[in-house]
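Asks:
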Amino acid sequence: MTRALFQLLIAVTVLSSVSLLAVNASADTGCRRDCEAPTMGVTYEGKQIVENGFTINGRSFNVDELTQTLPTTKVRTGEVVKVQLVVFENSGGEFLKTASLSIGDYADDAHVNILSTISFDQNFVALLKSPLSQDSDVSKTITVTDPNGYLKDVMVKTSEIDSYRTAVDMIFRVTKPIDTSDIIVKTLDAKKNSRTNVFHDAIAVTGKQIVEVKAQPPAKHVPAPLKLLKSHSQVVCREGFELVIRSATGAPACVSTYTAELLRDRGMVASN
96 MTRALFQLLI AVTVLSSVSL LAVNASADTG CRRDCEAPTM GVTYEGKQIV ENGFTINGRS
156 FNVDELTQTL PTTKVRTGEV VKVQLVVFEN SGGEFLKTAS LSIGDYADDA HVNILSTISF
216 DQNFVALLKS PLSQDSDVSK TITVTDPNGY LKDVMVKTSE IDSYRTAVDM IFRVTKPIDT
276 SDIIVKTLDA KKNSRTNVFH DAIAVTGKQI VEVKAQPPAK HVPAPLKLLK SHSQVVCREG
336 FELVIRSATG APACVSTYTA ELLRDRGMVA SN
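Numbers given in this note's numbering equal positions in the sequence shown, counted from 1, plus 95.
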């Protein structure tokens, strides 16, 4: 009986040691505090944190997967596109570093064709050990990367929903037709934990390309020839030359009689 009890105690001790080792091994992964990237839907473990994390032109969707196909939102060139991202950052909303939206085609990480990107960034300049005081060491910037001129009138604003969730609203117009394309959203926190969500077939743009017409400078007013002659009546040419007024500029000039006749024949000077 004593021997059996002794063997049982040994077994319990061994099991306890194994369990303790397992716990220590699990804890020593380098993710002691924050390994969860910002999310618009579920955590890495599949827990739903945000509902309706992605909205485009009034249609909201749960973000349940890293890649998912959405009903295509169709707009025409020049129409307003409104996208809202609801981003949860488990360290607190103030630790959200980046939320960017790209339009393009995404097959996998090695095969991505991006047309345009709108990015909201908070640039942290301090070592993050505690929550930041509002506006203390955060610089917010908006960057638009659009080498082929697809976007115009881009606006971005953020608002706090609660301590952990931030609404990022992106508003823009598209100036060129775009075939059915993906929207790629990337989020990053201050600890550089990142997540990429791909919404396949999320947007298509039809219509004609919008071409910006630059305003031409007003044409320089040239007085009528009679007024030009009167205004330059004080100009006296030396003998053998006569005064002419250039039609293009209104400037007076003293030229020979032969040259004057030649210029008149070509319509380059005002007639007397």
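From the three backbone atoms N, C-alpha and C, an ideal C-beta is built for every residue, glycine too.
These figures come from a predicted structure and were not determined experimentally.
(1) Just the Cα atoms here: how many angstroms apart are Y201 and S186?
(2) On the criterion of 16 or more Cβ atoms from any shown chain inside 10 Å, does D360 qualify as buried, or is it exposed?
(3) What would DSSP say about L165, mapped onto helix, strand or coil?
(4) Are the beta-carbon atoms of V388 and C349 separated by less than 9 Å?
(5) If you draw a straight line from the alpha carbon of K252 to that of A343, how long is it in whole angstroms?
(6) Using only CA atoms, which one of N292, N208, P347, Y245 lies nearest to Q163?
(7) For E307 and V249, I'd like the C-alpha separation in whole angstroms.
(8) Is the segment 172-185 in contact with the segment 137-153, if contact means three or more CB pairs nearer than 8 Å?
(9) Determine contact between the segment 207-214 and the segment 234-249, defined as no fewer than three beta-carbon pairs at a distance below 8 Å.
(10) Taking just the CA atoms, how far does R268 sit from T168?
(11) In chain order, what residues of the same chain have a beta carbon less than 6 Å from the beta carbon of S197, not counting five sequence neighbours either side?
(12) Whole angstroms are fine: how far does the CA of K271 sit from the CA of T193?
(13) Could you pull the start and end residues of the alpha helix (DSSP H) that R359 belongs to?
(14) Are D403 and L191 closer than 9 Å when you measure CB to CB?
(15) Between which two residues does the beta strand (DSSP E) holding F215 run?
Replies: Answer, in terms of the structure:
(1) Against the sequence shown, residue 201 aligns to sequence position 106. Against the sequence shown, residue 186 aligns to sequence position 91. Rounded to whole angstroms, Y201 to S186 spans 29 Å at the Cα level.
(2) Here residue 360 refers to the residue found at position 265 when the sequence shown is read from its first residue. So D360 counts as exposed.
(3) Reading the sequence shown from its first residue, position 70 is the one you call residue 165. Note: L165 maps to coil in three-state DSSP.
(4) Only positions 96 to 367 of the chain appear in this structure, which leaves residue 388 out of reach.
(5) As a first step, residue 252 must be located in the sequence shown, where it is residue number 157. As a first step, residue 343 must be located in the sequence shown, where it is residue number 248. Those two C-alpha atoms are separated by around 52 Å.
(6) In the sequence shown, residue 163 corresponds to position 68, counting from 1. Measuring from the Cα of Q163, the nearest candidate turns out to be N292.
(7) Counting from 1 along the sequence shown, the entry for residue 307 is found at position 212. Counting from 1 along the sequence shown, the entry for residue 249 is found at position 154. One C-alpha to the other measures close to 16 Å.
(8) yes
(9) yes
(10) Within the sequence shown, the letter at position 73 stands for residue 168. Within the sequence shown, the letter at position 173 stands for residue 268. Computed Cα separation, rounded: 14 Å.
(11) Position 102 of the sequence shown, counting from 1, holds the residue named residue 197. Closer than 6 Å at the Cβ level, and outside the excluded window around S197, lie I209, T212, I279.
(12) What you label residue 193 is simply residue 98 of the sequence shown in a count that begins at 1. What you label residue 271 is simply residue 176 of the sequence shown in a count that begins at 1. Their Cα atoms are separated by approximately 27 Å.
(13) The residue given as residue 359 occupies position 264 in the sequence shown. Unbroken alpha helix (DSSP H) run through R359: 352-360.
(14) Since the first residue shown for the chain is 96 and the last is 367, residue 403 is missing from the structure and cannot be characterised.
(15) For the purposes of this step, residue 215 is taken as residue 120 along the sequence shown, with counting starting at 1. First-last of the beta strand (DSSP E) with F215: 206-219.
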